[in-house]
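Asker:
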Amino acid sequence: MIEFARRKKNHQHINLTPLVDVVFLLLLFFMLTSHFVAAPTIKIALPDSKTSEPEVKEEVIITVAKDGTLFLDKDRIMLTGLQYSLQEKLKKMKKPSVRIKADREAMLGVVVNVVDEIRLSGAGAFSIETEKKGGEGPK
337 MIEFARRKKN HQHINLTPLV DVVFLLLLFF MLTSHFVAAP TIKIALPDSK TSEPEVKEEV
397 IITVAKDGTL FLDKDRIMLT GLQYSLQEKL KKMKKPSVRI KADREAMLGV VVNVVDEIRL
457 SGAGAFSIET EKKGGEGPK
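Letter 9 of the sequence shown, counting from 1, is numbered 345 in the numbering used here, and no numbers are missing.
1) How about D411 and V396: are their beta carbons less than 8 Å apart?
2) Below 8 Å on the Cβ atoms is my contact criterion, and I expect D357 with A401 to pass it. Report the Cβ-Cβ distance as a whole number of Å.
3) Check the DSSP bridge columns for L426 and list the partner residues they point to.
4) For the alpha helix (DSSP H) that contains L362, what are its first and last residues?
5) What's the gap between the Cα of M414 and the Cα of V450?
6) Within 10 angstroms of its Cβ, does E465 collect 16 or more other Cβ (buried), or is it exposed?
7) Given a threshold of 16 other Cβ atoms within 10 Å of its Cβ, counted over all protein chains shown, does N350 qualify as buried or as exposed?
8) Using DSSP's beta-bridge definition, name the partner residues of V396.
9) Give me whichever residues DSSP pairs with L406 in a beta bridge.
10) Measure the Cβ-Cβ separation of I398 and V434 and say whether it is below 8 Å.
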């Protein structure tokens, strides 16, 4: 019996690695550039006025010291009286904002209690002041 040499089948493989690389590079490019595109704005020149007043941001500052002592603006206050005092201050303001300045070594439980009292007082939003790494001041 005669044995014939079997032909090797040519399997054509398409290498998709370069295609995947290009797709990921395009994806990365669009992700990075989409954040740096300025939103279109309408440029207008506002009229001058002699009676206009600059907007004064009304805010209440609650300070939490390292030992847990609380201050409402510059007045020392107990946690039990914080809600009522805060409500009274917020009533007098048009657009109030509350800012918490807590020492980095203050007990977390005290800060959480202050946040609870702020929410119970009816203040819509509050912010917690932090310092940028490197000690460049409050942000």
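Beta carbons: idealized from backbone N, C-alpha and C, even for Gly.
Answerer: The short version:
1) In the sequence shown, the residue the question calls residue 411 occupies position 75. In the sequence shown, the residue the question calls residue 396 occupies position 60. No; because the gap between Cβ atoms is not below 8 Å, this pair is not in contact.
2) Mapped onto the sequence shown, residue 357 falls at position 21. Mapped onto the sequence shown, residue 401 falls at position 65. Actually they are not in contact, since the Cβ atoms of D357 and A401 sit about 56 Å apart, beyond 8 Å.
3) The count along the sequence shown starts at 1 and reaches residue 426 at position 90. Answer by DSSP bridge pairing: none, since L426 is not bridged.
4) On the sequence shown, position 26 is the one that residue 362 refers to. That run of the alpha helix (DSSP H) goes 353–370.
5) In the sequence shown, the residue the question calls residue 414 occupies position 78. In the sequence shown, the residue the question calls residue 450 occupies position 114. Cα to Cα, M414 sits roughly 10 Å from V450.
6) Counting from one through the sequence shown, the residue named residue 465 turns up at place 129. Per the 10 Å Cβ criterion, exposed.
7) As a working mapping, residue 350 is identified with position 14 in the sequence shown. For clarity, residue 350 is Ile in the given sequence; the question names Asn instead. Exposed, since its Cβ has fewer than 16 Cβ neighbours within 10 Å.
8) Position 60 of the sequence shown, counting from 1, holds the residue named residue 396. DSSP output for V396 lists V434 as bridge partner(s).
9) Numbered from its first residue, the sequence shown carries residue 406 at position 70. Note: L406 sits in a beta bridge opposite V400, I413.
10) Position 62 of the sequence shown holds residue 398. Position 98 of the sequence shown holds residue 434. Yes, they are a contact pair.
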